[in-house]
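The structure under discussion appears below in the form of structure tokens.
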Amino acid sequence: MADQAQNSGFDIAGYATQALFLISLGIDEYLLAETDEDRRITLAQQVKQLVLPSAMGESFKVLALTKKLSVKLKGFTEQDLTHKL
Numbered sequence: 037m038a039d040q041a042q043n044s045g046f047d048i049a050g051y052a053t054q055a056l057f058l059i060s061l062g063i064d065e066y067l068l069a070e071t072d073e074d075r076r077i078t079l080a081q082q083v084k085q086l087v088l089p090s091a092m093g094e095s096f097k098v099l100a101l102t103k104k105l106s107v108k109l110k111g112f113t114e115q116d117l118t119h120k121l
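Here you go:
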């Protein structure tokens with residue numbers, strides 16, 4: 037997919053696991069900002085599903101494609117696996 041994107045004129049802006057992508061974007065801050073305890077418990081279970089390696093965190097990856105963008109995308113500050121593509 038990355039090769040096809042580059043052949044079509046896209047730049048690879050980042051590649052990471054879903055877990056570290058979401059952590060880089062502050063998913064934990066979103067969770068901690070919830071004031072309702074019951075809602076926070078529900079959100080915590082959902083966040084675990086998204087980020088734990090045994091769930092979706094390592095199974096899914098995020099690939100960002102850009103054109104003529106020179107800034108580093110926030111979602112790839114914790115991890116950028118572009119070199120593995």
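Reading the sequence shown from the start, the letters are residues 37 to 121 in my numbering.
Backbone N, C-alpha and C define an ideal beta-carbon position, used for all residues, glycine too.
None of these values were measured; they are calculated from a predicted model.
Checklist entry - What's the gap between the Cα of L61 and the Cα of G111? => result If I take the Cα positions, the gap works out to 5 Å.
Checklist entry - How many Å lie between Q54 and D72 at the Cα? => result Approximately 26 Å between the Cα atoms of the pair.
Item to check | Three-state secondary structure assigned by DSSP to T78 | outcome: Here T78 sits in helix by DSSP.
Item to check | Spatial distance of L79 from L58 (CA atoms) | outcome: Going by the C-alpha atoms only, they are around 14 Å apart.
Checklist entry - Are the beta-carbon atoms of K97 and A52 separated by less than 8 Å? => result A distance below 8 Å separates the beta carbons of K97 and A52.
Checklist entry - DSSP puts A52 in a beta bridge; with which residues? => result V98.
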